[in-house]
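Student:
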């Protein structure tokens with residue numbers, strides 16, 4: 001017997017021992033099980049299973065009534081999961097996890113159903129992009145914030161932000177933000193164990209206000225990934241960390257430049273204040289203030305001016321500075337109060353639009369596209385377009401289901417970081433930088449556009465044919481520049497034509513982007529687009 005089959009049969013044995021909260025089904029179909037009184041009858045059966053299992057039930061599908069392993073084809077399995085999801089919704093429950101096994105050239109699955117309906121997502125949700133040099137304590141600080149636990153000095157809370165491959169392989173997740181916590185009337189709602197999907201889902205379900213963190217990479221070789229994390233998400237604020245024992249570095253300056261290029265209101269956290277004396281903390285704070293003033297920003301020390309002033313004055317120009325330690329927890333209450341009180345800054349304008357940040361395939365569910373909803377809202381069952389493909393066309397798809405931080409949601413609005421299961425497309429056809437739009441949209445793929453750009457750093461001059469990587473939304477593509485005046489020098493601003501080298505994308509006037517090639521960097525704004533013929 002194969003190892004997978006042995007694992008499945010042990011799961012079936014446990015199900016039989018658990019008794020009343022386990023249900024065996026070969027398959028469920030829309031035509032049969034959702035028609036007439038069958039839907040109400042099966043939902044009542046599910047409620048009975050939940051009652052017998054103290055709020056949890058197990059559905060084993062792809063098996064005969066007596067528990068024999070039959071196996072069903074992937075399309076039938078997907079339809080079965082869709083029907084079970086609708087029955088769970090009827091019973092005020094949701095599917096929490098699904099495991100699958102290959103049996104007889106088909107699939108057998110064990111679905112865990114949990115009491116509690118899908119989440120309404122009308123509550124305010126603030127998204128924060130983190131940045132800073134490697135080893136400056138960025139991930140550790142966020143880990144301590146979301147758990148309320150002090151670090152042990154060896155980065156224990158940093159581990160809570162690691163993305164585990166099995167989370168993608170086994171569940172419909174959109175773990176782009178790596179961390180989430182929230183607030184209710186009594187204060188912070190923290191995650192007991194961020195490595196458990198159910199604990200993160202509980203925060204999403206129970207908090208009145210959510211704060212998600214898009215944690216970026218501090219290593220200089222992965223600046224491209226950092227730019228994608230900061231440019232490709234619908235962020236409300238930036239959080240830049242600077243270690244008190246090291247001070248601002250070249251990476252600090254680069255990350256600050258990206259944050260400010262996107263006009264993102266930013267907070268600076270001085271980390272590791274427990275490792276040095278107050279004199280050194282003050283010295284680093286002065287260095288940060290000088291750095292901010294060099295780029296025409298006004299620093300605001302929260303320790304001196306208070307949280308009220310920071311909330312009132314934070315803007316594209318005013319940057320609050322907070323002293324913190326993840327070991328002593330100094331300053332974390334201040335950050336809690338800021339994140340609880342800061343208003344959402346990103347605006348929801350226009351119809352639904354989501355740029356794809358990554359994609360993956362979930363057995364029994366199919367293709368999943370994840371990213372941040374940039375505008376409008378999307379619901380399960382919506383008919384959408386995805387593209388452009390390499391030839392410029394858009395493909396019709398349907399939304400199977402939506403998940404946010406491991407919690408099934410009935411809809412997703414602008415600013416939500418979600419995974420959307422799509423019907424009508426294979427995962428292999430989805431690429432980062434594509435966009436999801438309403439079916440009735442009439443998008444024009446773009447290979448070339450005009451832009452106003454500023455060169456922040458370049459060793460010589462930029463001439464015709466210069467080919468940096470352009471980061472726009474989640475797009476990261478090589479493009480050729482053709483400056484209007486023939487060249488651009490460091491510090492210059494000017495107009496240029498930008499042409500994607502390999503394929504078209506959806507680009508619109510007013511979108512901001514960052515371009516880089518080696519240590520050369522600049523920022524720009526799209527001023528005109530040339531649709532493909």
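In the UniProt record's numbering, the protein residues as written are 1 to 533. Ideal Cβ positions, reconstructed from N, Cα and C, are used throughout, including at glycine.
For residue 323, count the other beta carbons within 10 Å of its own beta carbon; 16 or more makes it buried, fewer makes it exposed. Which is it?
Tutor: Answer is buried; the Cβ neighbour count reaches 16.
Student: Counting Cβ pairs closer than 8 Å, one from the segment 330-344 and one from the segment 138-145, do we hit at least three?
Tutor: They touch, by the three-pair rule.
Student: Relative to the alpha-carbon of residue 135, which residue among 126, 103, 129 and 154 has its alpha-carbon at the smallest distance?
Tutor: For residue 135, the nearest C-alpha among the options comes from 154.
Student: Considering Cα atoms alone, identify which of 148, 64, 100 and 205 is closest to residue 114.
Tutor: Of 148, 64, 100 and 205, the residue nearest in Cα terms is 205.
Student: Taking all protein chains shown into account, decide if residue 295 is buried (16 or more other Cβ within 10 angstroms of its Cβ) or exposed.
Tutor: Burial call: exposed.
Student: Contact check, residue 252 vs residue 132 under 8 Å by CB: the rounded distance?
Tutor: Yes, residue 252 and residue 132 are in contact; Cβ-Cβ is about 6 Å, under 8 Å.
Student: Just the C-alpha distance for residue 284 and residue 517, rounded to the nearest angstrom, thanks.
Tutor: Each residue's Cα considered, the two are about 30 Å apart.
Student: When burial is assigned at 16 or more other CB atoms within 10 Å of the CB, is residue 91 buried or exposed?
Tutor: Answer is buried; the Cβ neighbour count reaches 16.
Student: Going straight from the alpha carbon of residue 263 to that of residue 187, what length do you get?
Tutor: Looking at the two C-alpha atoms, the distance is approximately 30 Å.
Student: Is the segment 385-396 touching the segment 495-511 in the sense that three or more CB pairs, one from each, lie closer than 8 Å?
Tutor: A contact exists between the segment 495-511 and the segment 385-396.
Student: Keeping to the same chain, check which residues put their C-beta closer than 6 Å to that of residue 27; ignore five residues upstream and five downstream.
Tutor: The residues are 72, 76 and 80.
Student: Just grab the DSSP bridge partners of residue 339 for me.
Tutor: Per DSSP, none; premise fails for residue 339.
Student: Out of 379, 357, 375 and 444, which has the shortest C-alpha to C-alpha gap to residue 430?
Tutor: Closest option to residue 430, Cα to Cα, is 357.
Student: When DSSP labels each residue in this structure, what does residue 154 get in the three-state scheme?
Tutor: Three-state result, residue 154: coil.
Student: Excluding sequence positions up to five away, which residues of its chain have a Cβ less than 6 Å from the Cβ of residue 359?
Tutor: Excluding sequence neighbours, residue 359 sits near 369, 427 and 430.
Student: For residue 180, which residues in the same chain have their Cβ closer than 8 Å to its Cβ, ignoring the five residues on either side in sequence?
Tutor: For residue 180, where only same-chain residues beyond five positions count, the Cβ hits under 8 Å are 146, 191, 200, 203, 204, 210, 211, 212, 213 and 405.
Student: Where residue 491 and residue 255 are concerned, what is the direct C-alpha to C-alpha distance, given to the nearest angstrom?
Tutor: So the two alpha carbons sit approximately 18 Å from each other.
Student: From residue 35 to residue 42, what does the alpha carbon distance come to, in whole angstroms?
Tutor: Each residue's alpha carbon lies about 11 Å from the other.
Student: If we ignore side chains and look at the alpha-carbon of each, how far apart do residue 525 and residue 511 end up?
Tutor: The straight-line gap from Cα to Cα measures roughly 6 Å.
Student: So the alpha helix (DSSP H) residue 278 belongs to, where does it begin and stop?
Tutor: Looking at the DSSP string, the run of the alpha helix (DSSP H) that includes residue 278 is 278-294.
Student: CA-CA distance, residue 25 and residue 418?
Tutor: Distance between the alpha carbons of residue 25 and residue 418: 30 Å.
Student: For residue 74, name the three-state secondary structure that DSSP assigns.
Tutor: Helix at residue 74.
Student: Helix, strand or coil for residue 29, going by three-state DSSP, please let me know.
Tutor: Here residue 29 sits in coil by DSSP.
Student: Here's a check: name, in chain order, each residue in its chain whose Cβ is nearer than 6 Å to the Cβ of residue 185, leaving out the five neighbours to either side.
Tutor: If we look at residue 185 and ignore the five residues flanking it on each side, it has no Cβ neighbours.
Student: How far does the beta strand (DSSP E) with residue 517 in it reach, from first residue to last?
Tutor: Residues 512-517.
Student: Is residue 445 near residue 531, with beta carbons less than 8 Å apart?
Tutor: Yes. Within cutoff.
Student: Under a three-way DSSP split, which group does residue 365 fall into?
Tutor: Reduced to three states, the DSSP call for residue 365 is coil.
Student: Along the chain, where does the alpha helix (DSSP H) that runs through residue 313 open and close?
Tutor: 307-313 is the span of the alpha helix (DSSP H), which, as asked, contains residue 313.
Student: Residues in its own chain within less than 6 Å of residue 104 by CB, not counting five upstream and five downstream?
Tutor: Closer than 6 Å at the Cβ level, and outside the excluded window around residue 104, lie 71.
Student: What's the gap between the Cα of residue 21 and the Cα of residue 60?
Tutor: When rounded, the distance between both Cα atoms is 11 Å.
Student: Under a Cβ-count criterion, where at least 16 other Cβ atoms within 10 Å of its own Cβ denotes burial, should residue 493 be classed as buried or exposed?
Tutor: Classification for residue 493: exposed.
Student: Thinking residue 239 and residue 311 are a contact (beta carbons under 8 Å), I'd like their distance in whole angstroms, please.
Tutor: Their Cβ separation, rounded to whole angstroms, is 15 Å, which puts residue 239 and residue 311 out of contact at 8 Å.
Student: From the DSSP secondary-structure annotation, give me the bridge partner or partners of residue 595.
Tutor: The structure shown does not extend to residue 595, since the chain spans only 1 to 533, so no value can be given for it.
Student: Which residues share a DSSP beta bridge with residue 94?
Tutor: In the DSSP output, where bridge partners are listed per residue, residue 94 has 114.
Student: Give the straight-line distance between the Cα atoms of residue 480 and residue 451, rounded to the nearest whole angstrom.
Tutor: Straight-line Cα distance between these residues: approximately 12 Å.
Student: Return helix, strand or coil for residue 528, following the three-state DSSP convention.
Tutor: The answer is strand: DSSP assigns residue 528 an E or B state.
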